[in-house]
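> Residue numbers (the numbering used here): 274 to 410. Ideal Cβ placement from N, Cα and C applies to all residues, glycine included.
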Ligand SMILES: [Zn+2]
């Protein structure tokens, strides 16, 4: 059996301290995040845990107006897909903007990553944590 180098639990615990952990491939150098068992680039299993710079650039976004059950109060909100300086792309909510005013101008903006702790709902067991992005300018 192959062990996970970086478990989801360790990844999310680090996220709670605003630390972004990824896996750097010893073969091709690609960084995999969120954690997976194998390199996203070459499927190699020889990976090292690295702490990544949590800043990046918004590549695309979507604004959610209809929430899943139990999360209606959070709508609307904007989800961004961010290309991290370390290479991987990561998705998360964007803080500090009016989602209804989100426009194409968001694309190319610099962001840094923080986190958001949310309480459990009917789809998840207990408290969770997810990336939350803040605009830098
Ligand atoms: Zn690789």
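#1: Hey, would you say residue 379 sits closer than 8 Å to residue 339, going by beta carbons?
#2: Determine whether the beta carbon atoms of residue 318 and residue 295 lie at a separation below 8 Å.
#3: Among the residues of its own chain, which have a CB less than 6 Å from the CB of residue 374, if the five just before and after it don't count?
#4: Measuring CB to CB, does residue 363 end up less than 8 Å from residue 384?
#5: My understanding is that residue 402 touches residue 359, with C-beta atoms under 8 Å, so please give their C-beta distance in whole angstroms.
#6: Is any heavy atom of ligand 1 found at a distance shorter than 7 Å from the C-beta of residue 348?
#7: Spell out a yes or no on whether the segment 279 to 291 and the segment 307 to 323 are touching, meaning 3 or more CB-CB pairs, one atom from each, closer than 8 Å.
#8: Measuring only the C-alpha atoms, how far is residue 335 from residue 356?
#9: If we ignore side chains and look at the alpha-carbon of each, how far apart do residue 386 and residue 293 end up?
#10: For residue 243 and residue 283, I'd like the C-alpha separation in whole angstroms.
#11: In the DSSP assignment, find the unbroken alpha helix (DSSP H) run with residue 341 in it and report its ends.
#12: Can you tell me where the beta strand (DSSP E) with residue 403 in it begins and where it stops?
#13: Closest to residue 287 by C-alpha separation, out of 388, 410, 399 and 406, would be which residue?
#14: In angstroms, rounded to a whole number, what distance separates the CA positions of residue 323 and residue 297?
Reading off the structure:
#1: The criterion of a C-beta distance shorter than 8 Å is not satisfied by residue 379 and residue 339.
#2: Cβ distance not < 8 Å, so residue 318 and residue 295 don't count as in contact.
#3: Nothing listed; no residue qualifies.
#4: Between residue 363 and residue 384, the gap from beta carbon to beta carbon reaches 8 Å or more.
#5: About 20 Å separates the two Cβ atoms, so there is no contact after all.
#6: Not under cutoff, so the answer is no.
#7: Proximity of the segment 279 to 291 to the segment 307 to 323 meets the contact definition, three or more beta-carbon pairs being nearer than 8 Å.
#8: Computed Cα separation, rounded: 15 Å.
#9: In this structure, the alpha-carbon of residue 386 lies about 8 Å from that of residue 293.
#10: Residue 243 lies beyond the stretch modelled for the chain, which goes from 274 to 410, so this question has no answer here.
#11: Segment: none, residue 341 is in no alpha helix (DSSP H) and carries neither H nor E.
#12: Annotation: the continuous beta strand (DSSP E) that includes residue 403 extends over 401 to 408.
#13: In this structure, 388 is the residue among 388, 410, 399 and 406 with its C-alpha nearest to the C-alpha of residue 287.
#14: Straight-line measurement puts the Cα of residue 297 at about 6 Å from the Cα of residue 323.
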